[in-house]
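Asks:
Protein chains in written order, with this note's numbering: chain A, 1 to 431; chain B, 432 to 722.
1. In the structure shown, what three-state DSSP assignment does residue 309 of chain A receive?
2. Quick one: does residue 445 of chain B have its CB under 8 Å from some CB of chain A?
3. Whole angstroms are fine: how far does the CA of residue 112 of chain A sit from the CA of residue 249 of chain A?
4. Could you check the C-alpha separation between residue 626 of chain B and residue 541 of chain B for me, to the nearest Å?
5. Can you tell which of A/425, A/121, A/327, A/256 has the C-alpha that lies nearest to the C-alpha of residue 359 of chain A?
6. Between residue 115 of chain A and chain B, is there a C-beta pair that is closer than 8 Å?
7. Report the three-state DSSP secondary structure of residue 273 of chain A (helix, strand or coil).
8. Using a Cβ-Cβ cut-off of 8 Å, state whether residue 120 of chain A counts as contacting chain B.
9. If you run the structure through DSSP and keep just helix, strand and coil, what is residue 485 of chain B?
10. List the residues of chain B that residue 131 of chain A touches, going by C-beta distances under 8 Å, in chain order.
11. Using the Cβ count rule (16 or more neighbours within 10 Å means buried), how would you classify residue 443 of chain B?
12. Taking the straight line between their C-alpha atoms, what separation do you get for residue 252 of chain A and residue 211 of chain A?
13. Quick one: give me the first and last residue of the alpha helix (DSSP H) that residue 587 of chain B is part of.
14. Please report the straight-line C-alpha distance between residue 36 of chain A and residue 107 of chain A, rounded to a whole angstrom.
15. Of all the options A/296, A/155, A/222, A/373, which has the alpha carbon lying nearest to the alpha carbon of residue 8 of chain A?
16. Output the distance between the C-alpha atoms of residue 400 of chain A and residue 209 of chain A, rounded to the nearest integer angstrom.
17. Please confirm whether any heavy atom of the ligand SAH lies closer than 7 Å to the CB of residue 101 of chain A.
18. Taking only beta-carbon atoms, is residue 432 of chain B less than 8 Å away from chain A?
19. Please list, in chain order, the chain A residues whose beta carbon lies closer than 8 Å to that of residue 557 of chain B.
20. For residue 329 of chain A, return the contacting residues in chain B, with the cut-off set at a CB-CB distance below 9 Å.
21. Do residue 78 of chain A and residue 239 of chain A come within 8 Å of each other at the CB atom, strictly closer than that value?
22. Are residue 700 of chain B and residue 623 of chain B touching if we call contact CB-CB under 8 Å?
23. Against residue 363 of chain A, what residues of chain B qualify as contacts under a CB-to-CB distance less than 8 Å, listed in chain order?
24. What did DSSP end up calling residue 18 of chain A once you bin it into helix, strand or coil?
25. If you compare alpha carbons, which of A/217, A/285, A/276, A/132 is closest to residue 177 of chain A?
26. Please check if any C-beta of chain B sits within less than 8 Å of the C-beta of residue 139 of chain A.
27. Tell me, please, whether the stretch 669-688 of chain B touches the stretch 544-557 of chain B by the rule of three or more beta-carbon pairs shorter than 8 Å.
28. Rounding to the nearest angstrom, what Cα-Cα distance links residue 396 of chain A and residue 159 of chain A in this structure?
29. What separation, rounded to the nearest whole angstrom, lies between the Cα atoms of residue 723 of chain B and residue 141 of chain A?
30. Quick one: which chain A residues come within Cβ less than 9 Å of residue 413 of chain B?
31. Specify the secondary structure class of residue 376 of chain A as computed by DSSP and reduced to three states.
32. Pull the bridge partners of residue 253 of chain A from the DSSP assignment, please.
33. What are the uninterrupted segments assigned as beta strand (DSSP E) that are 3 or more residues long and contained completely in the stretch 482-532 of chain B, given in chain order?
34. When burial is assigned at 16 or more other CB atoms within 10 Å of the CB, is residue 15 of chain A buried or exposed?
35. Report yes if the C-beta distance between residue 118 of chain A and residue 552 of chain B is below 8 Å; otherwise report no.
36. What's the C-alpha gap between residue 168 of chain A and residue 566 of chain B?
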């Protein structure tokens, strides 16, 4: 492509963003004045910790660490990466919510950002009033909104409820209204952060096609962050992968998704949990996992005809009765594929170290890479349960499955589960 | 791959908005503010739409509250403390003074916590942040005018009885006086809001600052009741004193005009607005990282 002839929408040069972590400033006016007074007199700052040098890296985090990027007009750029990779920080800087620490960005045109659904909506105001409010926040004048309000209302599918306070709306209606306003702005650059995750399927499709239309016909530029690879595939013709504040890949969407997926894969056959705290959502941990491993294996590649040997080691934190275990299988993007369950397999005493060897049958998995999660739980009455330990565990790869050699499995359409082959009861050929 | 062989620098592609770490007010900020003028209108409208929903009396509160306040002042300061009001009917004196003071103090106080109370919105979307403080001043001004309608009712009554007479030359200056008072509230308000964004201590101070400032201003008594001396000089250094006295001079024909104090008040206002704008522009860039 002749990049020379294209017009840029966004140029980013050496963008960095540093966040202070932990305590910010001295917290109180008194100490800041003390520090300031000490600086004025050229004395040592009394509030500085001993040995604390300028920009101590332990107290700050580089959320963006040198990003260079050129986005051309009419492009739909996907941004993917793990949580904390810097995607949101990049969007926040480009949408001018916060300033960078270093570097520059040039925006050629008006920017509309949707980092949240229904920003500025007020529950007490009606849908119509909120359209005006939201439009004004996004930079539209009253006349511009008035000339477009019928299109917006029609697109939102809200219909007669438009004059009802939005606090009475369902969350779906709320999203629809918000997206309808944002997509009817005449801004050259649209920045979206996973806002389509809510709302029903048909509306999601409508939003995606609206954005594609905006990009291809009206030559608008779309930046879209999502964890949902399907919407990324559908919308974006170019994709960047971010990791640790940097762009690690920039180019074709399919390749980018592959790079992103592979980045989550680790080759290790053993994982040590002993230094890690329990996940914060776990209300009552009663087991502490120490280790998970594939004993006797030196890689984590399996055939679907193999058995996966899995060894789990843990310590009981209390006396336990009838412990159950789930081994959840997910794609590297953390979409669930299926779960193995082991019921009431163990009762034990406090502080005793336990080792469990298991054998998992991966017969129903398609070729690809997977992630395991381990969840110990206790069953209650009526099928309820309480998790007592949860960990994200080992990854593994299925290198040869039932379909291998016969068919290239399109897991993005067919799923990652290969069901039992179909058995024919009878086949009548009329001829 | 976007490492183009193009010899053009980013600046040469045409008009652009620059994002950089600079802490100075952005060039073209005023032009941008003009583009967002409907947003100021929407913030004002939202305030009135939302504030009085689910209240029984609704917008009547705008006049009822200052009216009751003025009645209370009348009994406490006029009746019990027997403060003279230069022959002006007490209800008029307190209603007018109170409306002026409320215009200033609500311009100031409603802006003092802008950053903390709008953190949610500011963290999700960009628009010129200054629209919020400006809208707050406009809201205070509208409330002032609503109270003025009630005031006008009493005023015409006393005017017909011949108990008051305005000074019409000063009356023509009232718009300028109101603009100055609003600007002073805005300037001080955005300085305070920038301070509260960093030091939460300030938001505690502000609560009684408003009270103290009220007593340091001739609101509940005329300036003429303060004898010459340190007290009077201090009061004349208060930038709200002259707008208050000039208001009374305009509508009642009674008030003390002190030229130096008036000039001082304008100077303080201009300084507060300029300094406020600079500090506010600085804080708005990154406050969201620390809030």
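C-beta atoms are modelled at their ideal positions from N, C-alpha and C, and glycine is treated no differently.
Replies: According to the data block:
1. strand
2. yes
3. 25 Å
4. 14 Å
5. A/327
6. yes
7. coil
8. yes
9. coil
10. By Cβ distance, chain B contributes nothing, its closest Cβ being about 11 Å from residue 131 of chain A, past 8 Å.
11. exposed
12. 19 Å
13. 562-592
14. 37 Å
15. A/222
16. 37 Å
17. Looking for the ligand SAH in the displayed structure turns up nothing, as the structure carries no ligands at all.
18. Bear in mind that a pLDDT of 44 at residue 432 of chain B, under 50, signals an unreliable position, so the number given afterwards is only what the model happens to contain. Cβ-Cβ to chain A under 8 Å: yes for residue 432 of chain B.
19. 95, 96, 97, 111, 113
20. Neighbours of residue 329 of chain A on chain B: none; closest Cβ ~36 Å, over 9 Å.
21. yes
22. no
23. By Cβ distance, chain B contributes nothing, its closest Cβ being about 42 Å from residue 363 of chain A, past 8 Å.
24. strand
25. A/132
26. yes
27. no
28. 50 Å
29. A question about residue 723 of chain B goes unanswered here, because the residues of chain B that appear run from 432 up to 722.
30. Given a span of 432 to 722 for chain B in the structure shown, any question on residue 413 of chain B remains unanswerable.
31. strand
32. Bridge partners of residue 253 of chain A: none, in fact.
33. none
34. buried
35. no
36. 27 Å
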